[in-house]
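Reading the sequence shown from the start, the letters are residues -37 to -1, 1 to 294 in mature numbering (1 follows the signal peptide of the UniProt record, and there is no 0). For every residue, glycine included, the Cβ atom is placed at its ideal position computed from N, Cα and C. The model shown is predicted, which means the values in this text are computed figures rather than measured ones.
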Amino acid sequence: MTTQEFHPSRRTVLSGSAAFAVAGSGLLTALPGSAAAAEKTAIRQDPTKGTKAMLQGSYVTTKDGVQIYVKQWGPQTGQPVVFSHGWPLTGDAFEDQMMFLAQHGYRTIAHDRRGHGRSSQPGFGNDLDHYADDLAAVTEALELKSAVHVGHSTGGGEVARYIGRHGVSRVAKAVLIGAIPPIMVKTDWNPDGVPMEVFDGIRAGVKADRSQFFKDLTIPFYGYNRPGAKVSQGVIDSFWMQGMMGGLLAEYECVKAFSETDQREDLKKMIVPTLVMHGDDDQIVPIATSAQAAVALLPKGTLKVVPGAPHGICTTHKDIVNEELLAFIRA
């Protein structure tokens, strides 16, 4: 059984305790009963750092013991395209892009951020530095080279901070979609940012009744409050389900991470070609203080504005996003 063929159910993930041994910077672990996967264990040595990573099952274990769920589609020999999802979702939010690119010969990889989805729910490390280090653990464990990193919303901040902290030795290109950098909250240097009261309201909603809050959030997230919008109950249900898979504490603390983190220096360090894609009707992450401000700081940034697109552009405008990604990666 290969890594990409192993897809544990939510019940299996929650009820089973994975057996693992930490080795260096990252470790993929097998779930109980995965004898076939255990037989496929591969120990790999990183000659540049002298660290080891065990490839087994569907999890990477970070240095601080957090298990990060990873899934892979497409040929293992293809150029890797790595996806970092937005709040409060999971790697499943990128399934449309993953399948499309996998069918075009790329090795597509997505992980669930710590505290979200099928990953561990630690009571610590819910900040962009840890998110970036977790992404680095995944790239090291999978031995990725010349990877294209794609981040949506909070995931865009994760990609930027990953490059800011770990450099571009493993990175070929980057894509920021509806992304949070350089910062969302209103500050002295970002006077047109979102007032702190908005984020306080998000925290209050998550703390009071996150289940209902997530259902309500889908309406502006996907632009379902716009005239003529085609509302999909299935999309609403999927968003809610992914949000409820995460932990309350992690999702609460992530609000500070995605709203208050200054990423100006991260953007300046993104010296690889970077596509910035944003909908001009994004009601969650306003384009003026995010995409338009970010591209001005990127050494090799290109801005692609999608008319009428909401924050949930990867779903509502998936065909446009898919074609833009493919063209950018091939260029």
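- Task: Could you tell me which residues DSSP pairs with F46 in its beta bridges?
- Result: A73 and V113
- Message: Assuming contact is defined by CB atoms lying nearer than 8 angstroms, are D245 and H274 in contact in what I supplied?
- Response: yes
- Taking one C-beta from the stretch 106 to 115 and one from the stretch 79 to 88 each time, how about it: are there three or more such pairs within less than 8 angstroms? no
- Query: If we ignore side chains and look at the alpha-carbon of each, how far apart do A272 and G186 end up?
  - Reply: 8 angstroms
- Message: Is G264 close to chain D? Criterion is C-beta to C-beta, closer than 8 angstroms.
- Response: No chain D is part of this structure, which consists of one protein chain only.
- If I143 sits next to S253, beta carbons under 8 angstroms apart, how far is it from one beta carbon to the other, in whole angstroms? 6 angstroms
- Tell me whether K34 is buried or exposed, calling it buried when 16 or more other Cβ atoms sit within 10 Å of its Cβ. buried
- Quick one, which of V101, L64, V248 and L91 has its alpha-carbon nearest Q30's? V101
- Message: As a quick exercise: from T71, R227 and F46, pick the residue whose alpha carbon is nearest that of P38.
- Response: T71
- Considering only C-alpha positions, which residue in the set D75, Y69, G130 and Y32 is nearest to L52? D75
- Query: What is the DSSP secondary structure of G242, reduced to helix, strand or coil?
  - Reply: strand
- Query: Taking the Cβ atom as the reference point for each residue, do R128 and A95 lie within a distance shorter than 8 angstroms?
  - Reply: yes
- Message: Rounded to the nearest angstrom, what separates Q42 and E160 at their Cα positions?
- Response: 43 angstroms
- Apart from the five residues just before and just after W203, which ones in its own chain have a Cβ nearer than 6 angstroms to its Cβ? F177 and K178
- Query: Which residue from E287, G156, D55 and Q226 puts its Cα closest to that of V248?
  - Reply: G156
- In terms of residue numbering, what span does the alpha helix (DSSP H) encompassing Y32 cover? No alpha helix (DSSP H) contains Y32, which is instead part of the beta strand (DSSP E) from Q30 to W36.
- Message: Given a cut-off of 8 angstroms on the beta-carbon distance, is the pair G210 and G78 in contact?
- Response: yes
- Proximity winner among K108, Y32, A65 and D92, relative to E223 (alpha-carbon distances): D92
- Can you tell me which of E106, M62, S47 and D59 puts its alpha carbon nearest to the alpha carbon of G80? S47
- Specify, as a first and last residue, the run of the beta strand (DSSP E) that V268 falls within. G264 to V269
- Item | Between the CA atoms of L238 and I292 - distance to the nearest angstrom | 10 angstroms
- Task: Pull up the distance between the alpha-carbon of K232 and that of L288, whole angstroms please.
- Result: 22 angstroms
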